[in-house]
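In my numbering, the protein residues as written are 525 to 1234.
The beta carbon of each residue, even a glycine, is placed where N, CA and C say it ideally should be.
Keep in mind the model is a prediction, meaning the values are calculated, not measured.
To start, the structure itself, in C-alpha cells.
Structure representation (C-alpha cells):
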C-alpha cells in the first residue's frame, strides 16, 4: 500500500503538536464538537465510533458552495461523478457510482435535516449549514439498510434566540456569482423562533461547446431556500419544523471525445434536481419515564438526467451518421416516520440507559427513459435507427424495530449494545418499446428480512484518553435490475457486512490538541457488484449496468485526524485515511471468474492538511492541501485514475459586522478525473477507449459578508 509519505506527514504534524504544546504557550482550547446523527447526541471525543464532524467554522473557512468543496477533509470518503454535483459516495470503498438503470438501493445514507436524500445528495449546498457529520462503518442500529457503508448527515442552522441577519455574495471567474440572505428572530409570545435562508448560485460550468459557440452548456444554476420554526411549549418539549426547497437546474455537457475541456455536442444534456421537502421533530422529556422523540419527513424529487450520447455533431462525424441522445425523468417520493423512547443518559455505574424505536420508510419512483439515435456508415445492411422507451414504476416499504442499551461496569469501563430488525418489501412494473415495438411488460416483487446491530466496549484510560473496540453488522437489501438489464440478470441478493474496529480518542495540553484514530476490518458477504457492458459497439447508449453478487470481499485500513490550536492566532489540522480492498468470487455472464482485485473508487490513501491564521487585528489566511491515490473506475475493466493533489487558498479581513475574502480553488490548476467510462464511441471503431470527467479547474474569486445581530 502506497501511503508512507502521507503517514509520515500526519505523524510529523501530531508529533510537532505534542512538542510545541508541551512548551505551555498561551494557547486556547479547541471547542467541543457534538455528534447528533447517533441515537443519542454525544461529544465527538467520547463517541465510540469513527466519525468526522465538519463544523460551521470549518465549512465557512474551506467551502464555497457545495459539500463537494469539503469532501477531502473526511478520511476514506470518496465520490463518483457522472453528474453535475456529487450524489454517489463511497465510504471505506463501499458505495454506488451511478444509477442509470436500477431501483434506488444506496449503500451510503444521506440526510439533510433528517430528510432522506440517499442517492440524491445534489442539494447539499453549504449556505447557512451548521455542521456535516460523516459516520464511517455500518450504521446497522441507527439507520439500517441504507447505511451499509456509513451515514452522512447535514444539519442546517437553527433559529436564533435574538434577531440576526446576514448576507453573503461571491464573484469569481467562469462567470460565477452567488448571493445568499439569512434572517432569524424569536417570537416570544408564541415561545418560538424562526429562521429563513435563501441562496442563488450561478456558474457557466468551466467548459466550452465549440460546435454551439457557447460556454454555458455545463452550467450550474442552483437555488436553495429553507424555512425553520422552533416551538418550545414547555421547558422539556421542543418541536422543530423545517421546509426545504432546492432547484438545481444544472447543465450536463461534461464529456468530450478527446477528454478535453471542449465539447462538440449538438444536444447538450441536463442534470437537474428540484425538491420540496419537510421534516418535523418532536423531543419531549415532560413524560417522566422516558424522553419521546418523533421524526416525520417527506420529500418530492423531480430529477432530469440527459446527455448527448455521441458527444458530437453531424459535422464532427461526417460523412458518417452517428447521432444518439438519452434522457431519464425520475419523480421520487420519500416518506419516513420514526418514534423513539429513551431513558435519560446513563450517568453512573448503577444506571442503565435504554432506547427503543420503530421506523417506517416508503419510497416511490416513476421513471421515464428515452434513448434515440441513428447509425449509418454507408453500408446499408449495418444502418439502423434507435427509438427505445421505458416507463417503470417502483415502490419499496421499509419497517424496522430497533433498540439500544448503554451501561458501565466501572467508572472507566462502559459498554453499548444495539440491534435492529428490518423488513423491506419492493415492487416493480414497467412497459417498454424496443426500436418502436412493444417489448412487453415486467412485474416483480421482493421481500427481504434483515438484521444488524453493534456491540461496543469503551475504556476511559484517563479523563483525556478513551480507547474503544466495536463489532457491528450492517446489511443492504436485494433488488432488481431494471429495463434491459432485467433480461440479463433480474435480481440480486442482499449483502451482509461484519465490521471490527479499534479506536482511540483524546486530547492533550488542556484541550489544545485533540486527536482520534481508528483501525478497521470489514468482511463482506454476497457483495453487490455493479458492472457495465456495451451490447452494441455501434450504439453508445447501449451501455447497460447490471448488479450481481460476488461471493465475498474485505476492506481494512486506518483513519486518523489531529487538530492543534498552536496559538490563539494559529490552528493546524491533518487527516489521513488508509484503505485496502479486495473483491473475489465474481462470475461474468459466461460463468468466467473475475480475478480478485481492489474495489472500484477505493483509493489506498487520502490525506489532508490545513493551516488557519487569524490575526487579532482581523486579517486571516488559510491553506488547504489534499491528496488522493489512484483508483479503479469500475469492475468491467481495469482502467484507473491518476493520483493527484489539490491546494486551496483563502485570505481576507474579518470585522465584527462584515468580512471580505479572496480565494483560489485548485490553485495549481491540476487536471484530475472524478469519473471514467471505458467503451466504444466511434462509428468506425471497435476498440474501447477510456473517457473521463474532469474535476473543477482553478477558480479565483472574492466573497463579501455582512452580519447584523450576531
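Could you give the residue range of the beta strand (DSSP E) that holds residue 590?
Counted as a single uninterrupted DSSP element, the stretch harbouring residue 590 is not any beta strand (DSSP E), since DSSP gives it neither H nor E.
Taking the straight line between their C-alpha atoms, what separation do you get for residue 1179 and residue 1142?
One alpha carbon belongs to residue 1179, the other to residue 1142, and they sit about 6 Å apart.
Check each candidate in 1146, 1069 and 905 and name the one with the smallest Cα separation from residue 1095.
Cα-wise, what sits closest to residue 1095 is 1146.
Quick one: is the Cβ of residue 1045 within less than 7 Å of any heavy atom of the ligand MG?
Within the structure as shown, the ligand MG is missing, as the structure has no ligands at all.
Could you give the distance in angstroms between the alpha-carbon of residue 500 and the alpha-carbon of residue 1163?
Only positions 525 to 1234 of the chain appear in the structure, and residue 500 is not among them; the question remains open.
Could you check if residue 937 is buried or exposed, using at least 16 other CB atoms within 10 Å of its CB as the buried criterion?
Residue environment analysis places residue 937 among the exposed positions, since fewer than 16 neighbouring C-beta atoms fall within 10 angstroms of its C-beta.
What number of angstroms, rounded off, separates the C-alpha of residue 949 from the C-alpha of residue 984?
Computed Cα separation, rounded: 43 Å.
Same chain, Cβ closer than 6 Å to residue 894, five either side skipped, listed in chain order
A distance below 6 Å between beta-carbons, with the five flanking residues on each side excluded, links residue 894 to the following residues of its chain, in chain order: 851 and 913.
Residue 622 beta carbon less than 8 Å from that of residue 1069:
Going by beta carbons, residue 1069 and residue 622 fall inside the 8 Å limit.
Residues bridged to residue 779 (per DSSP):
For residue 779, which the question treats as bridged, DSSP gives no partner whatsoever.
Between residue 1200 and residue 1213, is the Cβ-Cβ spacing less than 8 Å?
Not closer than 8 Å, so no.
Extent of the continuous alpha helix (DSSP H) run through residue 1012
Per DSSP, residue 1012 belongs to the alpha helix (DSSP H) from 1009-1012.
Where do the ends of the alpha helix (DSSP H) carrying residue 898 lie?
Boundaries around residue 898 are those of the beta strand (DSSP E), 877-900, since no alpha helix (DSSP H) includes it.
Neighbourhood of residue 1029 by C-beta distance below 6 Å, restricted to the same chain and skipping five residues each side
Within the same chain, residue 1029 has close Cβ partners 569, 990 and 1040.
8 Å contact criterion, which residue 1176 and residue 1165 should meet: CB distance rounded:
The beta-carbon separation of residue 1176 and residue 1165, rounded to 33 Å, does not stay under the 8 Å limit for a contact.
With 16 other Cβ atoms within 10 Å as the buried cut-off, status of residue 601
Note on residue 601: 16 or more other CB atoms within 10 angstroms of its CB, so buried under the neighbour-count rule.
Please confirm if the segment 845-859 is in contact with the segment 883-899, defined as three or more CB-CB distances below 8 Å between the two stretches.
Short answer: they touch.
For residue 695, is the classification buried or exposed, using 16 other Cβ atoms within 10 angstroms of its Cβ as the cut-off for buried?
With fewer than 16 other Cβ atoms within 10 Å, it is exposed.
I'd like to confirm the pairing. Which residues does DSSP put opposite residue 937 in its beta bridges?
In the DSSP assignment, residue 937 is bridged to 983.
Return the CA-CA distance between residue 467 and residue 783, expressed in angstroms with no decimal places.
Limits of the chain in this structure are 525 at one end and 1234 at the other, which puts residue 467 out of reach.
Reduced DSSP category for residue 579 - H, G, I as helix; E, B as strand; rest coil
When DSSP states are grouped into helix, strand and coil, residue 579 belongs to the strand group.
Count the other CB atoms within 10 Å of the CB of residue 801; is the residue buried (16 or more) or exposed (fewer)?
Under the 10 Å beta carbon count, residue 801 is surrounded by 16 or more other beta carbons and is classified as buried.
In three-state terms, what does DSSP make of residue 565?
Coil.
Should residue 590 be flagged as near chain B, meaning a C-beta pair shorter than 8 Å?
The displayed structure is made up of one protein chain only, and chain B is not part of it.
By the DSSP assignment, the beta strand (DSSP E) with residue 624 in it spans what residues?
No beta strand (DSSP E) holds residue 624; DSSP gives it neither H nor E.
Is residue 654 near residue 585, with beta carbons less than 8 Å apart?
No Cβ-Cβ contact shorter than 8 Å links residue 654 with residue 585.
With a CB to CB cut of under 7 Å and the five nearest residues on each side skipped, what residues in its chain are close to residue 758?
Closer than 7 Å at the Cβ level, and outside the excluded window around residue 758, lie 810.
Spatially closest choice to residue 715 from 760, 652 and 740, by CA coordinates
Looking from the CA of residue 715, the closest CA among 760, 652 and 740 belongs to 760.
Just the Cα atoms here: how many angstroms apart are residue 928 and residue 572?
Cα to Cα, the separation comes out at about 14 Å.
So, does the segment 1053-1070 touch the segment 668-687, judging by three or more C-beta pairs under 8 Å?
Here the segment 1053-1070 makes no contact with the segment 668-687; the two share fewer than three CB pairs at distances below 8 Å.
Would DSSP call residue 1178 helix, strand or coil?
In the structure shown, residue 1178 falls within a strand segment according to DSSP collapsed to helix, strand and coil.
Where does residue 651 fall in DSSP's three states?
Here residue 651 sits in coil by DSSP.
Among residues of its own chain, excluding the 5 on either side of residue 1024, which ones have a beta-carbon nearer than 6 Å to its beta-carbon?
Excluding sequence positions up to five before and after residue 1024, its CB lies within less than 6 Å of the CB of 995 and 1045, all in the same chain and listed in chain order.
Under the rule that 16 or more other beta-carbon atoms within 10 Å means buried, what is residue 1207, buried or exposed?
Taking all protein chains in view, the Cβ of residue 1207 is crowded by 16 or more other Cβ atoms within 10 Å, so the residue is classified as buried.
Which residue from 1074, 1042 and 1032 puts its Cα closest to that of residue 1049?
Of the candidates 1074, 1042 and 1032, the one whose C-alpha sits nearest the C-alpha of residue 1049 is 1074.
By Cβ distance below 6 Å, which residues in the same chain neighbour residue 635 in space, the five residues on each side in sequence not counted?
The residues are 677.
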